[in-house]
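In the numbering used here, the protein residues as written are 4 to 142.
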């Protein structure tokens, strides 16, 4: 599984998250999300089970929202990741790592677009049922 994003050439502003699967001979596009969305990381704890992490954002406001999608071997489904409680914040999930289908960590950062150097660490945990924000330290 490989994930990433591509720019919409019609407006040079929106990005579409995508995922591709490898069948042993060639890559196949398995998903192209609606804009605006980005994927940064993927983890596959089983042959037919993958998670992709990233964010969605309304480009005019600059506020990002965490994005986690899961693959069941045939289709993708959006998981309900958790946004931080800070008003007007941005949340991005840059990496995801799964040791089993019911034990994953997604990490990234939260920020306030109107405040410089406001980045704070963000970690979310998957327990097989839901994602929850974890307490993290910040340097």
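Think of the CB as a built atom: it goes at the ideal place given N, C-alpha and C, for glycine as much as any other residue.
Whole-angstrom distance between residue j and residue i, CA atom to CA atom
i: residue 122; j: residue 6; result: 24 Å
i: residue 73; j: residue 130; result: 13 Å
i: residue 10; j: residue 68; result: 18 Å
i: residue 94; j: residue 115; result: 9 Å
i: residue 31; j: residue 119; result: 40 Å
i: residue 132; j: residue 82; result: 10 Å
i: residue 22; j: residue 136; result: 25 Å
i: residue 108; j: residue 101; result: 6 Å
i: residue 54; j: residue 29; result: 21 Å
i: residue 26; j: residue 80; result: 21 Å
The beta strand (DSSP E) enclosing residue i, as first and last residue numbers
i: residue 123; result: 123-129
i: residue 34; result: 30-35
i: residue 73; result: 68-74
i: residue 136; result: 134-137
Coil, strand or helix - residue i by DSSP
i: residue 57; result: strand
i: residue 85; result: coil
i: residue 10; result: strand
i: residue 38; result: coil
i: residue 48; result: strand
In DSSP terms, what residue i is bridged to
i: residue 112; result: 95 and 124
i: residue 100; result: 108
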